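Which chain is which? The protein sequence lines are G and Y, in order.
Under this note's numbering, the first sequence is numbered contiguously, ending at residue 469.
Under this note's numbering, the second sequence is numbered contiguously, ending at residue 665.
Encoded as structure tokens, the structure appears first; notes follow it.
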Amino acid sequence: MAEEITQSQKPSKPLVWNDPVYRALFFQVLVLGGVISLGYILVSNTLINLERQGIASGFGFLRGTAGFSILMTLIDYSEEDSYFWAFVVSLLNTLLVAGIGIFFATILGFFIGVCRLSSNWMLSKIAAVYIETLRNIPLLLQIFFWYFGVLRGLPSPGNSISILDSYFLNIRGLYSPSPIFEDGFDLILWAIFAAFVGIFCIFRWARKRQQETGQQFPVFFSSFGLMIGLPLIATVFAGFPLSWEYPVLKGFNFTGGFVIIPELVALSLALSLYTASFIAEIVRAGILAISRGQTEASYALGLQTWPTLRLVVIPQALRVIIPPLTNQYLNLTKNSSLAAAIAYPDLVLVFAGTVLMQTGQAVEIIAITMAVYLAISLVISAFMNWYNKKMALVES
Amino acid sequence: MSQNGKAIGLLQWIKSNLFSSYLNTFLTVISIWIVYISVPPVIQWALLDANWIGSSRDDCTKEGACWVYIGFWFKQIMYGRYPETEVWRVNVSYALLVGALIPLFITGFKHKSLLTLFLLFVYPIISYFLFIGDSFGLPLVETSLWGGLFLTLVISLVGIVASLPIGIMLALGRRSNMPIISALSIGFIEIWRGVPLITVLFMSSVMFPLFLPEGMNFDKLIRALVGVMLFSAAYIAEVVRGGLQAVPKGQIEAAEALGMSYWNTMGLIVMPQALKMVIPGIVNSFIALFKDTTLVLTIGLFDLLGTIQIIGTNADWLGFHIEGYVFTAFIFWTFCFGMSRYSMNLEKKLHTGH
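In structure tokens:
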């Protein structure tokens, strides 16, 4: 009797088509086969169509002469440079506008987020109106508003608004004096580098000292002093090696100095204001996520408002704020591609616009453009993953 | 507005919220000053000094906004270049949509799932035939004539509805135990989330024709819709993934203990719970997509913003950019703010259920 039960209770091997392992393998092979054949069809169609239209393939086009000028370049560029150089110039423009946008959006966003949490009813409501208005209007519309609506109202070069007789604001841009670096400037750069090294050392030393003896060291003020003082001393020693070239109105235009084009201003303004409204909400959520008990305990220990914020609330709030914040930075970088709509020479307009129209090699160009944005996304995501791991709450 | 259970009066409220300390008083004064320099001039320009009635540019005599401009071009702003005699077809479709959506908001309504199925499957087909025509006796209206708010709604609604099934599949694929499927899903999601929508639109308008066999031609709108759909699917996949992670593992284990297959488990147990939880997230994705449809102007489709831009270049009506932008901003703001309020309400409602 017992043997019969044991015999029938032995687990039987399932039939091949019911075995989960084989089924999984089958499905994966099927899906992979489907993807590969789809890819094959697309690639062969593309090659046939490219040949039919007489468009070249491969990346050799990068060596071709550009033949067009770019409105704003951070490094030297002329029409005889290659397409690759145009790519580099436009990439730098994209990084510039993204950097400016991130900087101002963060400052403004944090400020408005804190205002939103203020106990002052009026301030809180004004911040709420700002956030709700700018979040619900498309970014492209905001860019158009600043560029076509506001900046077009600026006067012509002859009637420029002048500030301190050195900055001139008109419809062609903001003309500013450019610095001329004379011989002794290297010393100042070395001084700045030494200041950074010094601040880093002070940081490490102060933290070690606090852990051993409990004494706090005014790190902020000493770093500030070092950052200002060392370069200042170097400037005096080198004999003030900095002079300025002022923009001067000659005929209908300005020469000398450098110009900040209105496209850059409109784009940075719109990007900063728009992203700041999202960052404000993130900051607000981060600070609200810290339980009130933390603040109360901190007050009970005798800490005042500012040290409580600095030592208790903000470090914990940052843990909640930083992941969505890096997501917003990513969005800002991707949104900077909207520059194409107002002719700011960023990566999309110059490379995926002009160069694509001239060479016709759509596949390579769009692939490179997407790869650049993907690379930026992956770098920022990797940083965020590293930060998350570092700050993760270790449950003991 | 009460402290210690006692009701406090208006003066007391003002004193504690606005003037409780020197810093607070200072901030209140600055805030009042900000409101003073920004709100009255705007009201003056937009409402008090504005021109409302008229039929041509000469009727804009006062210094404020010239809303005659908007009134004159209203048909284009709403429908693009859709022929005036056929506009009733678009209106019928709008009415059908609103009529089908309203019962979904009434809490006691019994046939919500039937209505949802109608909206997702039957309504698109009806609308397709209404908009394009060329059948049932309706004349053909080419997609190049579609524009304005109509085109914005078409792109965003089709984008979201079509990307939902793809997004759900991708989310399931990402969480799958099969390495190839999860690798392909992760690759797809990360690639489409890492690139800006403008490059996706460029790709769809420039590269898609190269992918197709010779002679096959796709409408520009269809190409843009496919690009938007794939882009949106990646974001929906991440939203749905959040919902899937929130379903307790015990549900899946109980279903397996009952002998349910993978698809039965997903379809009958997991998905209803997960999707219900992420409806606010999906509404947020829809709001983002609605705002992003403005980008189609870079590939030559004239949605609401594109139409306003084109109107602004009309020789008879130069110089009214600001009115156009303000009106467009108002329309977008109404839609997006309304939807985000709804989504917040929904989130509150769903949380109390758990």
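Even glycine gets a Cβ: it sits at the ideal position worked out from N, Cα and C.
Small disclaimer: the values here were computed from a predicted structure and weren't measured.
For Y:I440, go through chain G and note every residue whose CB falls closer than 9 angstroms to its CB, in chain order.
Looking at the sequence itself, residue 440 of chain Y is Phe, so the reference to Ile does not match. Y:F440 does not reach chain G, its nearest Cβ partner there being about 30 angstroms away, counting only Cβ pairs nearer than 9 angstroms.
Taking the alpha carbon of G:T206 as the point to measure from, which residue in G:V436, G:Y417, G:D419, G:S350 has its own alpha carbon closest?
The closest CA to that of G:T206, considering only G:V436, G:Y417, G:D419, G:S350, is found on G:S350.
In the DSSP assignment, the alpha helix (DSSP H) including Y:G538 goes from what residue to what residue?
531 to 557 is the span of the alpha helix (DSSP H), which, as asked, contains Y:G538.
Run down chain G in chain order and give the residues with a C-beta less than 9 angstroms from the C-beta of Y:P524.
Ordered by position in chain G, the residues that pass the 9 angstroms Cβ test against Y:P524 are I114, N118, I121, N122.
Give me the DSSP bridge partner(s) of G:N326.
DSSP, once it has assigned bridges, lists G:K323 as partnering G:N326.
How far does the beta strand (DSSP E) with G:Y240 in it reach, from first residue to last?
Looking at the DSSP string, the run of the beta strand (DSSP E) that includes G:Y240 is 240 to 243.
Since G:G186 is in the alpha helix (DSSP H), which residue starts that stretch and which ends it?
If you look at G:G186, you'll find it in the alpha helix (DSSP H) that goes 156 to 189.
Considering only the beta carbon of each residue, do Y:S438 and Y:S487 sit closer than 8 angstroms?
If you check the CB distance, Y:S438 and Y:S487 do not come in under 8 angstroms.
Against chain G, does Y:Y636 count as a neighbour if the rule is that its beta carbon must be under 8 angstroms from one of theirs?
By this cut-off, Y:Y636 is an interface position.
Taking the alpha-carbon of G:Q431 as reference, which of G:V108, G:D92, G:F141 has the nearest alpha-carbon?
Considering only alpha carbons, the answer is G:F141.
Whose Cβ in chain G lies nearer than 9 angstroms to the Cβ of Y:S651?
Within chain G, the residues whose beta carbon sits less than 9 angstroms from that of Y:S651 are E205, R208, N209, listed in sequence order.
Which residues of the region 492 to 517 of chain Y have a Cβ closer than 9 angstroms to any Cβ of chain G? Give them in chain order.
Listed in sequence order: I492, L495, E501, I502, R504, G505, V506, P507, L508, I509, T510, V511, F513, M514, V517.
Does G:Y446 have its Cβ less than 8 angstroms from a Cβ in chain Y?
Among the CB atoms of chain Y, one or more fall inside 8 angstroms of the CB of G:Y446.
Can you give the Cα-Cα distance for G:I360 and G:T378, rounded to whole angstroms?
Looking at the two C-alpha atoms, the distance is approximately 14 angstroms.
In the region 617 to 642 of chain Y, which residues sit with their C-beta less than 8 angstroms from some C-beta in chain G, listed in chain order?
Within the region 617 to 642 of chain Y, the residues whose Cβ lies closer than 8 angstroms to some Cβ of chain G are Q620, G623, H632, I633, Y636, T639, A640, listed in chain order.
Mind pulling the chain G residues with CB within less than 9 angstroms of Y:K602?
Within chain G, the residues near Y:K602 are N209, I210, P211, L212, L213, L214.
Residues bridged to Y:S366 by DSSP?
Note: Y:S366 sits in no beta bridge, so no partner.
Quick check on Y:L329 - is its C-beta less than 8 angstroms from some C-beta in chain G?
Yes, its Cβ sits closer than 8 angstroms to a Cβ of chain G.
Name, in chain order, the residues that DSSP records as bridge partners for G:F254.
According to DSSP, which records beta bridges pairwise, G:F254 is partnered with G:L315.
CB contact flag (G:A425, G:L340, <8 angstroms):
With respect to G:L340, G:A425 sits apart: the two C-beta atoms are not nearer than 8 angstroms.
Using 8 angstroms as the threshold, is the region 180 to 198 of chain G in touch with the region 449 to 468 of chain G, meaning 3 or more CB pairs across them?
The region 180 to 198 of chain G makes no contact with the region 449 to 468 of chain G; the number of CB pairs closer than 8 angstroms stays below 3.
So what's G:F221 in DSSP terms, helix, strand or just coil?
Correct three-state label for G:F221: helix.
Cβ pair count under 8 angstroms reaching 3, the region 501 to 518 of chain Y against the region 529 to 542 of chain Y:
Taking 8 angstroms as the limit for Cβ pairs, the verdict is that the region 529 to 542 of chain Y does touch the region 501 to 518 of chain Y.
Counting C-beta neighbours from all protein chains within 10 Å, is the total for Y:V353 16 or more, i.e. buried, or is it exposed?
Here Y:V353 is exposed, its C-beta having fewer than 16 other C-beta atoms within 10 Å.
What does the alpha-carbon distance come out to for the pair G:S191 and G:S197?
Using only the alpha carbons, I get a separation of about 6 angstroms.
Of all the options G:N232, G:T406, G:L398, which has the alpha carbon lying nearest to the alpha carbon of G:I352?
The shortest C-alpha separation from G:I352 is found at G:L398.
So, does the CB of Y:L612 fall closer than 8 angstroms to a CB anywhere in chain G?
For Y:L612, no CB of chain G lies under 8 angstroms from its own CB, so it is not counted at the interface with that chain.
Residues of the region 568 to 594 of chain Y in Cβ contact with chain G at a cutoff of 8 angstroms, in chain order, please.
Taking 8 angstroms as the upper bound on Cβ-Cβ separation, chain G lies near no residue of the region 568 to 594 of chain Y.
Can you check whether the CB of Y:L555 is closer than 8 angstroms to the CB of Y:A482?
In this structure, Y:L555 lies closer than 8 angstroms to Y:A482 by Cβ.
Taking Y:F648 as the query, report the chain G residues whose CB atoms sit under 8 angstroms from its CB, ordered along the chain.
Those within 8 angstroms of Y:F648 in chain G are E205, N209.
Does DSSP put G:S235 in a helix, in a strand, or in coil?
DSSP places G:S235 in the strand class (E or B) of the three-state scheme.
Simplified DSSP state of G:F331, which is helix, strand or coil:
In the structure shown, G:F331 sits in a strand (DSSP, three-state: E or B).
Please check if any C-beta of chain G sits within less than 8 angstroms of the C-beta of Y:N362.
So no, Y:N362 is outside the interface.
CA nearest to the CA of G:V161, picked from G:G222, G:G257, G:F331, G:A139
The shortest C-alpha separation from G:V161 is found at G:A139.
Going along the chain, which residues of its own chain have a beta-carbon closer than 6 angstroms to the beta-carbon of G:I253, five neighbours each way excluded?
For G:I253, where only same-chain residues beyond five positions count, the Cβ hits under 6 angstroms are S316, E318.
From G:G112 to Y:V409, what does the alpha carbon distance come to, in whole angstroms?
The straight-line gap from Cα to Cα measures roughly 41 angstroms.
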